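With the first letter of the sequence shown counted as 1, position 101 gets the number 108 in this note's numbering; the numbers rise by one all the way through.
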Amino acid sequence: MIAVNNLLAKNEGDITKVSLNDIITLSDKYKTDLRRKFKEARLGLFTDYLRHCLADSKLTDSEMNELTHLRDILMLSRADVDEIIGDETVKVYARHVRRAVSDGVLHDFEKDNLEKLKAHLRIPTDVAKEIYSKSAGEILQGFIDGAVSNERISPDEERQMNEIAKNLGIDLKIGDKSKAVLDRYKL
Numbered sequence: 008m009i010a011v012n013n014l015l016a017k018n019e020g021d022i023t024k025v026s027l028n029d030i031i032t033l034s035d036k037y038k039t040d041l042r043r044k045f046k047e048a049r050l051g052l053f054t055d056y057l058r059h060c061l062a063d064s065k066l067t068d069s070e071m072n073e074l075t076h077l078r079d080i081l082m083l084s085r086a087d088v089d090e091i092i093g094d095e096t097v098k099v100y101a102r103h104v105r106r107a108v109s110d111g112v113l114h115d116f117e118k119d120n121l122e123k124l125k126a127h128l129r130i131p132t133d134v135a136k137e138i139y140s141k142s143a144g145e146i147l148q149g150f151i152d153g154a155v156s157n158e159r160i161s162p163d164e165e166r167q168m169n170e171i172a173k174n175l176g177i178d179l180k181i182g183d184k185s186k187a188v189l190d191r192y193k194l
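Shown next, in the form of structure tokens:
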């Protein structure tokens, strides 16, 4: 696998120059059957190259073609590769979402940037919404936890809580039990 890695590194500028025959030749030279062995190492090479492609937080058509070529020459399944691409692009998107909502406000330009990022990373809308909801919910929950940590909630903290929920587009639904606790903590 070191020889395969070296061959790919040598052709990093255009990995499409590396052919399946090149990989098979290396496999024969070292008397290994790459179709049946070293799957984790092959997946690792693919993941490393994908992360290299994602350094700018987007996947271009050219990079997708290179990744398809890499999948083929490393003899990986479409399912394995699709799972890796999904996992890695979600990590990148989630990192950007957390950064955008970290201050409790999602500005229009941030919303636009997240939409563009979603398209660049080829993230499905339902997945993007789930990531956003989780991150925004964590920010709001963090604020609430901090506000009630002293078992008191000031009118200002209540206003801020509602403001964060509004700014992040969260429907602040408070159950009866939680509402009773918040009411008890109000000053």
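The C-beta atom is built at its ideal place from N, Cα and C for all residues, glycine as well.
Just so we're clear, the structure is a prediction, and the values are computed from it rather than from any experiment.
Would a C-beta distance cut-off of 7 Å place LEU128 and THR96 closer than the cut-off? On the sequence shown, residue 128 is found 121 positions in, with the first residue counted as 1. On the sequence shown, residue 96 is found 89 positions in, with the first residue counted as 1. The answer is yes: Cβ separation under 7 Å.
Between the Cα of ILE31 and the Cα atoms of ALA10, GLY20, GLU47, which residue gives the shortest distance? For the purposes of this step, residue 31 is taken as residue 24 along the sequence shown, with counting starting at 1. Residue ALA10 is the option with its Cα nearest to ILE31.
Would LEU77 and TYR56 be called neighbours here (beta carbons separated by less than 7 Å)? For the purposes of this step, residue 77 is taken as residue 70 along the sequence shown, with counting starting at 1. For the purposes of this step, residue 56 is taken as residue 49 along the sequence shown, with counting starting at 1. At a Cβ-Cβ threshold of 7 Å, LEU77 and TYR56 count as neighbours.
Check whether the Cβ atoms of TYR192 and GLU158 sit closer than 7 Å, and answer yes or no. Locating residue 192 in the sequence shown gives position 185, where the first residue counts as 1. Locating residue 158 in the sequence shown gives position 151, where the first residue counts as 1. A contact, by the Cβ cut-off of 7 Å.
Between which two residues does the alpha helix (DSSP H) carrying PRO131 extend? Sequence index remark: in the sequence shown, residue 131 carries index 124 (1-based). Judged by DSSP secondary structure, PRO131 falls outside any alpha helix (DSSP H); it is assigned neither H nor E.
Hey, could you find the ends of the alpha helix (DSSP H) SER84 is sitting in? Taking the first residue of the sequence shown as 1, we reach residue 84 at position 77. No alpha helix (DSSP H) contains SER84, which DSSP labels as neither H nor E.
Residues in the same chain with beta-carbon distance under 7 Å from ALA172, minus the five sequence neighbours each way, listed in chain order, please. Here residue 172 refers to the residue found at position 165 when the sequence shown is read from its first residue. Same-chain partners within the cutoff: LEU147, LEU179.
Assuming LEU52 and LEU81 form a contact by the criterion Cβ under 8 Å, report the distance between their Cβ atoms to the nearest whole angstrom. Locating residue 52 in the sequence shown gives position 45, counting from the first residue. Locating residue 81 in the sequence shown gives position 74, counting from the first residue. Sure, about 6 Å apart at Cβ, within 8 Å.
DSSP three-state call for ILE160: helix, strand or coil? On the sequence shown, residue 160 is found 153 positions in, with the first residue counted as 1. In the structure shown, ILE160 sits in a strand (DSSP, three-state: E or B).
Between which two residues does the alpha helix (DSSP H) holding THR32 run? The sequence position of residue 32 within the sequence shown is 25, counting from 1. Per DSSP, the continuous alpha helix (DSSP H) segment holding THR32 begins and ends at 27–36.
Who does LYS193 pair with in a DSSP beta bridge? Residue numbering aside, residue 193 sits at position 186 when the sequence shown is read from its first letter. LYS193 pairs with ILE160.
Could you tell me the alpha carbon to alpha carbon distance between VAL155 and MET168, rounded to whole angstroms? Looking up residue 155 in the sequence shown gives position 148. Looking up residue 168 in the sequence shown gives position 161. Cα-Cα distance, rounded: 11 Å.
On the DSSP letters alone, give me the boundaries of the alpha helix (DSSP H) that ALA195 sits inside. As displayed, the chain neither begins before 8 nor continues past 194, which places residue 195 out of reach and without an answer.
Need the endpoints of the alpha helix (DSSP H) that ASN12 sits in, please. Locating residue 12 in the sequence shown gives position 5, where the first residue counts as 1. ASN12 -> alpha helix (DSSP H) spans 9–17.
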